[in-house]
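Novice: The structure under discussion is supplied below as structure tokens; questions concerning it will follow.
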Amino acid sequence: LVEVQQELKVEMEKAKEADKLKSSFLANMSHDIRTPLNAIVGFAGLLQEDDDKESKNEYISLINSNSELLLRLVNDILDLSKIEAGAVQIAENEFDMSKCFADTVSSVRSKVPAGVRLVENNPYNECIIYSDCQRISQILTNFITNAIKYTPHGTITVSYVYENGGIKIAVSDTGIGIPEEKQHRIFQRFEKLDNFAQGTGLGLSICKAIADSCGGKIGFNSREGHGSTFWAWIPCRKK
């Protein structure tokens with residue numbers, strides 16, 4: 001009976017903490033959504049009024065970057081609702097992991113800031129597997145996006161390999177790393193290690209939900225001041 005009471009107490013504390021985090025998330029969300037929306041509306045207005053070609057190109061670039069940010073925020077929120085409904089599913093389609101990997105890295109390469117080198121390790125000319133390219137790409141994109149946020153200079157290395165009956169993807173960086181006292185919170189929902197960094201704090205929890213839903217694994221190792229490595233292993237058949 002004592003053990004049951006203790007378990008109930010622990011679960012209640014978890015529920016309270018989750019509720020506090022969700023309230024904080026909703027409060028932050030109004031700001032995070034309003035910021036890119038205001039930028040899009042504001043620069044769209046300037047675009048109509050300004051005849052200078054160079055200024056117009058700058059406004060278009062800012063509108064595009066804020067549109068991407070807003071889309072990412074909305075996608076994270078929608079994915080969160082799917083997770084809470086237990087609706088995260090992994091399709092089993094035939095595709096070339098080598099191409100999926102190359103396309104994903106290419107799609108985020110433009111976001112890498114000056115002073116940071118993005119290294120792409122694609123070990124196969126062709127790697128035909130049966131899995132979900134979209135979900136694997138989603139995990140990889142979140143890993144790379146996080147690395148970009150916390151690597152002001154140095155190197156980000158992206159790689160994958162087929163091993164032990166599955167695809168293992170990994171992203172290593174030489175960034176600021178994660179303090180040991182914060183590492184246990186990494187995959188929790190709504191968690192942001194830096195409140196000034198863009199994003200919802202949902203990316204890594206979504207990655208974990210995807211890995212868990214298909215019987216995969218996810219993890220990381222990090223040292224403060226020495227960078228981090230995030231990895232995920234997704235079981236799949238190889239042709």
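Here my numbering is used: the first residue of the sequence shown is 1, the next is one more, and so on. Don't be surprised by glycine CBs; every beta carbon is placed ideally from N, CA and C.
1. Quickly, what does DSSP pair THR104 with across the bridge? List them, please.
2. Could you compute how far the alpha carbon of GLY219 sits from the alpha carbon of PRO235?
3. Grouping DSSP H, G and I as helix and E and B as strand, with all else coil, what is ILE156?
4. Which whole-angstrom value describes the C-beta separation of PRO123 and VAL171, a residue pair presumed to lie in contact below a C-beta threshold of 8 Å?
5. Relative to the C-alpha of ILE144, which candidate in GLY166, LYS16, THR229 has its C-alpha closest?
6. Please go through the segment 168-239 and give each complete alpha helix (DSSP H) segment of 4 or more residues, from N-terminal end onward.
7. Helix, strand or coil, according to DSSP, for ASP132 in the structure here?
8. Determine the extent of the beta strand (DSSP E) in which ASN121 is found, giving its start and end residues.
9. From what residue to what residue does the beta strand (DSSP E) around ASN93 run?
10. Using three-state DSSP, classify TYR162 as helix, strand or coil.
11. Would ILE33 pass as a contact of LEU73 if the rule is Cβ separation under 8 Å?
12. What's the call for ARG117, buried or exposed, on a 16-neighbour Cβ count within 10 Å?
13. Going by the CB atoms, is the gap between GLN89 and SER213 shorter than 8 Å?
14. With distances taken Cα to Cα, identify the nearest neighbour of LYS99 among ILE128, LYS111, ALA91, LYS82.
15. Grouping DSSP H, G and I as helix and E and B as strand, with all else coil, what is SER81?
16. For THR151, does the three-state DSSP call read helix, strand or coil?
17. Within its chain, find whatever has a CB closer than 6 Å to the CB of LEU69; leave out the 5 residues flanking it on each side and keep chain order.
18. Leaving out five residues before and five after THR104 in sequence, what residues of the same chain have Cβ atoms less than 7 Å from its Cβ?
19. Is ASN125 closer than 8 Å to SER159 when the C-beta atoms are compared?
20. Drop a sphere of 10 angstroms on the beta-carbon of MET240, count the other beta-carbons inside from all chains shown, and report buried for 16 or more, exposed for fewer.
Specialist: Let me lay it out:
1. The partner list for THR104 (beta bridge, DSSP) is empty, contrary to what the question assumes.
2. 15 Å
3. strand
4. Wrong, their Cβ atoms sit about 15 Å apart, outside the cutoff.
5. THR229
6. Runs found: 203-213.
7. In the structure shown, the three-state DSSP call for ASP132 is coil.
8. 116-121
9. Its beta strand (DSSP E) spans residues 93-96.
10. strand
11. yes
12. exposed
13. A contact, by the Cβ cut-off of 8 Å.
14. ILE128
15. helix
16. coil
17. PRO36
18. SER137, LEU140, THR141
19. Contact: no.
20. Because the chain spans 1 through 239 in this model, residue 240 falls outside it and cannot be assessed.
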